[in-house]
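> Residue numbers (UniProt numbering): 241 to 556. Heads up, the beta-carbon is just placed ideally off N, CA and C, and yes, glycines get one too.
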Ligand code: PEP
Ligand code: MG
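1. Are residue 393 and residue 337 close, meaning C-beta to C-beta below 8 Å?
2. Using the three-state DSSP reduction, which class does residue 528 fall into: helix, strand or coil?
3. Does the count of Cβ pairs from the stretch 507-524 and the stretch 254-268 closer than 8 Å reach three?
4. Buried or exposed: where does residue 279 fall if 16 or more other Cβ atoms within 10 Å of its Cβ makes it buried?
5. Classify residue 298: buried if its beta carbon has 16 or more other beta carbons within 10 angstroms, exposed otherwise.
6. Do residue 426 and residue 478 count as a contact pair if the criterion is CB distance below 8 Å?
7. Excluding the five sequence neighbours on either side, which residues of its own chain have a C-beta within less than 7 Å of the C-beta of residue 527, listed in chain order?
8. Taking just the CA atoms, how far does residue 537 sit from residue 543?
9. Buried or exposed: residue 409, going by 16 or more other Cβ atoms within 10 Å of its Cβ?
10. Going by beta-carbon coordinates alone, are residue 375 and residue 321 separated by less than 8 Å?
11. Excluding the five sequence neighbours on either side, which residues of its own chain have a C-beta within less than 7 Å of the C-beta of residue 328, listed in chain order?
12. Bridge partners for residue 497 per DSSP, in chain order?
13. May I have the straight-line CA-CA distance separating residue 510 from residue 491, to the nearest angstrom?
14. May I ask you to list the residues that DSSP assigns as paired with residue 509?
15. Just tell me which of 415, 460, 461 has its CA closest to the CA of residue 442.
16. Tell me whether residue 435, by its Cβ, gets closer than 7 Å to a heavy atom of the ligand MG.
17. Could you tell me if residue 308 is buried or exposed, where buried requires 16 or more neighbouring beta carbons within 10 angstroms of its beta carbon?
18. Could you name the residues of the same chain whose beta carbon sits closer than 6 Å to that of residue 306, not counting the 5 residues immediately before and after it, in chain order?
19. Classify residue 356 as helix, strand or coil using the three-state DSSP reduction.
20. Quick one, are the C-beta atoms of residue 489 and residue 507 less than 8 Å apart?
21. According to DSSP, what are the bridge partners of residue 433?
22. Buried or exposed, going by whether 16 or more other CB atoms sit within 10 Å of the CB of residue 272?
23. Start and end of the alpha helix (DSSP H) containing residue 403?
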């Protein structure tokens with residue numbers, strides 16, 4: 241049994257009946273590449289580029305950015321690498337890009353794409369460095385914007401990416417309004433990646449930085465599952481892929497539920513990959529779908545988890 245479990249925790253992600261679910265790594269920079277490769281990541285689903293920008297007095301130059309992006313793209317020849325453009329503000333303030341005014345609720349303030357729309361030159365430099373890194377390597381670059389709120393945001397970002405010569409541009413779905421209007425956003429977004437950390441924070445109105453609100457900082461909240469389902473079904477209707485790159489993807493039971501809700505790829509911290517790969521390998525797509533339906537029918541996060549778990553008998 242050990243050998244089987246080990247064998248199943250290698251290779252590409254798929255359910256027991258062969259439905260493919262690419263399993264990708266979340267990284268913060270080139271330093272995370274060895275763990276991603278060791279754990280069999282099929283690509284990068286979320287490269288959080290803000291670490292290049294934090295804790296310094298000036299923005300990184302285009303050359304500095306190019307070196308980091310090239311190192312990441314080179315590590316995954318032929319594979320998908322999804323780079324998130326700068327997501328600063330809120331819990332990640334930058335010394336050189338101050339908010340326009342003091343923000344009593346930074347999570348509801350100028351962060352992510354909102355900041356880039358005020359400093360478009362910053363985004364242009366980043367996209368130019370990414371386009372150049374792509375030209376130098378064989379990876380399949382995709383870029384995505386954080387904190388997209390409405391169709392106008394999605395269009396603005398798609399135009400910025402196209403202006404830099406980047407064809408594959410998508411958006412993170414982490415604002416409830418974006419999830420609710422996913423069908424409209426899909427008109428200009430090439431793909432979706434659901435950020436369940438922020439989607440949960442905003443859906444449950446519970447600041448992710450505040451301890452003591454853990455009951456609401458739980459992606460098993462049935463309301464969050466509903467938003468994921470809505471987004472995945474809008475994506476499917478528009479012929480778009482819809483991944484998840486929040487912490488939810490790293491929970492093996494929830495990962496199966498996400499697949500059952502129609503999510504097409506999962507991205508997570510590299511060390512979670514083997515357990516999620518094994519959980520999928522022991523569950524059929526139908527079981528994942530039944531688990532998802534049962535979880536959405538539940539009234540509480542605990543009941544949702546229990547209901548899903550009961551319908552995934554292959555899990556250890
Ligand atoms: C998320 O919000 O789920 C996400 C993946 O982005 P971050 O955790 O960096 O905000
Ligand atoms: Mg986020």
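Put simply:
1. Not closer than 8 Å, so no.
2. Here residue 528 sits in helix by DSSP.
3. yes
4. A residue is called buried when at least 16 other Cβ atoms come within 10 angstroms of its Cβ; residue 279 meets this threshold and is buried.
5. exposed
6. Cβ atoms of residue 478 and residue 426: closer than 8 Å.
7. Once the five neighbours on either side are set aside, the close Cβ partners of residue 527 are 551, 552.
8. 9 Å
9. buried
10. no
11. 290, 293, 334, 337, 351, 355
12. Answer is none; residue 497 lacks a bridge partner.
13. 12 Å
14. 266
15. 415
16. yes
17. buried
18. 369, 372, 373
19. Under the three-state reduction of DSSP, residue 356 is assigned to helix.
20. yes
21. The partner list for residue 433 (beta bridge, DSSP) reads 412, 483.
22. Burial call: buried.
23. Residue 403 -> alpha helix (DSSP H) spans 391-403.
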